[in-house]
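Number of protein chains: 2
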Amino acid sequence: MINSELDTTDIEILKLLQRDASLTNKEISFKLHKSIATIHERVKRLKEQGYIQRVVAILNRKKINRSLIAFSQVLLNDHTADTLNTFEQEVIKFDEVMECFQMTGTFDFILRIATSDMEAYHSFYRNKLATLPNITTVQSFFVLSETKSDTAYPL
Amino acid sequence: MINSELDTTDIEILKLLQRDASLTNKEISFKLHKSIATIHERVKRLKEQGYIQRVVAILNRKKINRSLIAFSQVLLNDHTADTLNTFEQEVIKFDEVMECFQMTGTFDFILRIATSDMEAYHSFYRNKLATLPNITTVQSFFVLSETKSDTAYPL
DNA sequence: GCCAATACCGAATTTTATTCGCTTAAAGCA
DNA sequence: TGCTTTAAGCGAATAAAATTCGGTATTGGC
Numbered sequence: 001m002i003n004s005e006l007d008t009t010d011i012e013i014l015k016l017l018q019r020d021a022s023l024t025n026k027e028i029s030f031k032l033h034k035s036i037a038t039i040h041e042r043v044k045r046l047k048e049q050g051y052i053q054r055v056v057a058i059l060n061r062k063k064i065n066r067s068l069i070a071f072s073q074v075l076l077n078d079h080t081a082d083t084l085n086t087f088e089q090e091v092i093k094f095d096e097v098m099e100c101f102q103m104t105g106t107f108d109f110i111l112r113i114a115t116s117d118m119e120a121y122h123s124f125y126r127n128k129l130a131t132l133p134n135i136t137t138v139q140s141f142f143v144l145s146e147t148k149s150d151t152a153y154p155l
Numbered sequence: 001m002i003n004s005e006l007d008t009t010d011i012e013i014l015k016l017l018q019r020d021a022s023l024t025n026k027e028i029s030f031k032l033h034k035s036i037a038t039i040h041e042r043v044k045r046l047k048e049q050g051y052i053q054r055v056v057a058i059l060n061r062k063k064i065n066r067s068l069i070a071f072s073q074v075l076l077n078d079h080t081a082d083t084l085n086t087f088e089q090e091v092i093k094f095d096e097v098m099e100c101f102q103m104t105g106t107f108d109f110i111l112r113i114a115t116s117d118m119e120a121y122h123s124f125y126r127n128k129l130a131t132l133p134n135i136t137t138v139q140s141f142f143v144l145s146e147t148k149s150d151t152a153y154p155l
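Protein chains in written order, with full-length UniProt numbering: chain A, 1 to 155; chain B, 1 to 155.
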């Protein structure tokens, strides 16, 4: 394969590894009717070319005391590069902040916050988030139930 | 270890595997100054006890044509169990829906939608999401930039 | 002091990953 | 058509990793 185009085998490999990256090449080769060497070569290339960014362990957040997920929408006072950069640089330092996106629309950022409970969220909000400069408003929404949460893109 | 409590070694293993699950037991044993057999035993237990839910490959979404991420906030007409269940069951069938959370607050669900571009989002919205019954409003916000996006919980 | 339980380890074994040389299929071209 | 080049694919050999197992050391209870 010269470059960048994915064929059916590549796509099937990516589908499998998105679901379970602990599959062995032998198992994959059996499912896709290819040799172990071929699968090995394919996976190696998919990593080298950056399709597979990394392989990670997904933890059960309830077992490590992160039962509460909040989405917090943040609006800043102004939108100078300096204000935006400062906010980003500071907010991502907080352990509770799993994700930070700058957004289009009526607010500037959306944060995904993981804490143990509402008390911990409150503490994060008062002692960390709200201390950052140039914040106009923060609106928080809490996850009642997780219907779907997937890291695997359909291919 | 009798049950469920994590000691320092467990926590260090989880930290490492959250970042890079392709680390070998040998590499981990070197970092943590334990034997390979001990690391093997620990990791096995962490999986069995459900701390490690699964091991997955994280793909570069830009390389697989999922450049646009949207958060869509959905408000339903009513909140009967039936309406809620139907919405959940149907919306998670759409390929574009990576996450679906029922939320507290002024709307009912927040969806994370991954599409190739705005046109694809529009098509998803018109032909899929908006066809579901009992939707009052949908408000969509688009990701301009991803400052932080992490699957690893600090421990 | 003795016993039981547990964490830990080294070494042996099994399984997997990785390498390499060969074969086959396809594409370009005279 | 027949020749050449290129790349995908493969099996077998090798290297590395996972897994198993028996034994030691430590700790806490009695």
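Idealized CB from N, CA, C, for every residue including glycine.
So which residues of chain A does ASN127/B contact, with C-beta pairs closer than 7 Å? Counted from its first residue, the second sequence places residue 127/B at position 127. Under the 7 Å cutoff, chain A gives no residues; its nearest Cβ is about 16 Å from ASN127/B.
Mind checking the segment 131–144 of chain A against chain B and listing, in chain order, the residues whose C-beta falls within less than 7 Å of any C-beta there? PHE141, PHE142, VAL143 and LEU144
Roughly how far, in whole angstroms, is the beta-carbon of ILE39/B from the beta-carbon of ILE52/B, given that I think they are within contact range, below 8 Å? On the second sequence, position 39 is the one that residue 39/B refers to. On the second sequence, position 52 is the one that residue 52/B refers to. ILE39/B to ILE52/B, Cβ: 13 Å. No contact.
Measure the CB-CB distance between ARG54/A and ALA57/B and report whether it falls below 9 Å. Translated into positions along the first sequence, residue 54/A becomes position 54. Translated into positions along the second sequence, residue 57/B becomes position 57. Closer than 9 Å, so yes.
On a Cα-Cα basis, can you pick out the residue from THR9/B, GLN18/B and THR147/B that is closest to LEU84/A? For the purposes of this step, residue 84/A is identified with residue 84 of the first sequence, where counting begins at 1. The shortest C-alpha separation from LEU84/A is found at THR147/B.
Exposed or buried, SER145/A, counting other C-beta atoms within 10 Å across all chains shown (16 or more means buried)? In the first sequence, counting from the first residue as 1, residue 145/A sits at position 145. The residue is exposed, with fewer than 16 neighbouring Cβ atoms inside 10 Å.
Start and end of the alpha helix (DSSP H) containing SER123/A? By 1-based counting over the first sequence, the position of residue 123/A is 123. Where SER123/A is concerned, the enclosing alpha helix (DSSP H) stretches over 118–127.
If you count every other CB in all the chains shown that lies within 10 Å of the CB of PHE30/B, and 16 or more means buried, which is it? Start at 1 with the first residue of the second sequence, and residue 30/B comes out as number 30. Per the 10 Å Cβ criterion, exposed.
MET118/B, buried or exposed, once every other Cβ within 10 Å from all chains shown has been counted against 16: Along the second sequence, one-based indexing puts residue 118/B at 118. Exposed, by the Cβ-count rule.
Have a look at the DSSP bridge pairing and note the partners of LEU111/A. For the purposes of this step, residue 111/A is taken as residue 111 along the first sequence, with counting starting at 1. For LEU111/A, which the question treats as bridged, DSSP gives the partners SER72/A and CYS100/A.
Neighbour flag for ASN25/B against chain A, beta carbons, 9 Å: Residue numbering aside, residue 25/B sits at position 25 when the second sequence is read from its first letter. By this cut-off, ASN25/B is not an interface position.
Output, in sequence order along the chain, the residues in the segment 86–102 of chain A whose CB is closer than 7 Å to any CB in chain B. From the segment 86–102 of chain A, only GLU88, ILE92, ASP95, VAL97, MET98, GLU99, CYS100, PHE101 and GLN102 have a Cβ closer than 7 Å to chain B.
Option nearest PHE87/B by Cα separation, candidates GLU12/B, PHE142/B, SER22/B and PHE109/B: Here the question's residue 87/B lines up with position 87 in the second sequence. Considering only alpha carbons, the answer is PHE109/B.
Would a check of beta-carbon distances place ASP78/B closer than 9 Å to chain A? Residue mapping note: residue 78/B aligns to position 78 of the second sequence, counting from 1. Cβ-Cβ to chain A under 9 Å: no for ASP78/B.
Once you ignore the five residues that flank MET103/A on each side, which residues in its own chain have a CB closer than 7 Å to its CB? Locating residue 103/A in the first sequence gives position 103, counting from the first residue. Excluding sequence neighbours, MET103/A sits near PHE109 and ILE110.
Assign PHE87/B to one of three DSSP states: helix, strand, or coil. By 1-based counting over the second sequence, the position of residue 87/B is 87. It is helical.
Assign GLN53/B to one of three DSSP states: helix, strand, or coil. For the purposes of this step, residue 53/B is identified with residue 53 of the second sequence, where counting begins at 1. Per DSSP, reduced to three states, the secondary structure at GLN53/B is strand.
Where the alpha helix (DSSP H) through THR147/A begins and ends: Counted from its first residue, the first sequence places residue 147/A at position 147. Per DSSP, THR147/A lies in no alpha helix (DSSP H) segment; the continuous beta strand (DSSP E) that holds it begins and ends at 135–149.
What is the DSSP secondary structure of LEU14/B, reduced to helix, strand or coil? The residue you call residue 14/B lines up with position 14 of the second sequence. Helix.
Could you give the distance in angstroms between the alpha-carbon of MET1/B and the alpha-carbon of GLU48/B? Locating residue 1/B in the second sequence gives position 1, where the first residue counts as 1. Locating residue 48/B in the second sequence gives position 48, where the first residue counts as 1. Unreliable positioning characterises MET1/B in this predicted model, as indicated by a pLDDT of 47, which lies under 50. The coordinate reading is nonetheless provided below. Rounded to the nearest angstrom, the two C-alpha atoms are 13 Å apart.
Name the chain B residues whose beta carbon is nearer than 8 Å to that of TYR51/A? For the purposes of this step, residue 51/A is taken as residue 51 along the first sequence, with counting starting at 1. Those are LEU59, ASN60, LYS63 and ILE64, listed as they occur along chain B.
Give a yes or no on whether the C-beta atoms belonging to LEU129/B and VAL74/B are separated by under 9 Å. By one-based count along the second sequence, residue 129/B stands at place 129. By one-based count along the second sequence, residue 74/B stands at place 74. Yes, Cβ-Cβ distance for LEU129/B and VAL74/B is below 9 Å.
Straight-line CA distance for LYS26/A to VAL91/A? Within the first sequence, the letter at position 26 stands for residue 26/A. Within the first sequence, the letter at position 91 stands for residue 91/A. The C-alpha of LYS26/A lies about 44 Å from the C-alpha of VAL91/A.
Assuming the contact rule is C-beta atoms closer than 8 Å, SER99/A and PHE124/A should be a hit. Round their C-beta distance to whole Å, please. What you label residue 99/A is simply residue 99 of the first sequence in a count that begins at 1. What you label residue 124/A is simply residue 124 of the first sequence in a count that begins at 1. Note that residue 99/A corresponds to Glu in the displayed sequence, not to Ser. The Cβ separation is near 14 Å, so there is no contact.
Residue-level contact to chain B via CB, SER149/A, 9 Å cutoff: Counting from one through the first sequence, the residue named residue 149/A turns up at place 149. Chain B contact via Cβ: present.
Tell whether a beta-carbon distance below 9 Å holds between PHE101/B and ILE64/A. In the second sequence, the residue the question calls residue 101/B occupies position 101. In the first sequence, the residue the question calls residue 64/A occupies position 64. Going by beta carbons, PHE101/B and ILE64/A fall outside the 9 Å limit.
Going by C-alpha distance, which of ASN134/A, ILE135/A and GLN139/A is nearest HIS122/A? Working through the first sequence from its first residue, we reach residue 122/A at position 122. Ranking ASN134/A, ILE135/A and GLN139/A by Cα distance to HIS122/A puts GLN139/A first.
Which first and last residues belong to the alpha helix (DSSP H) in which THR38/A is found? One-based indexing of the first sequence puts residue 38/A at position 38. Per DSSP, THR38/A belongs to the alpha helix (DSSP H) from 36–48.
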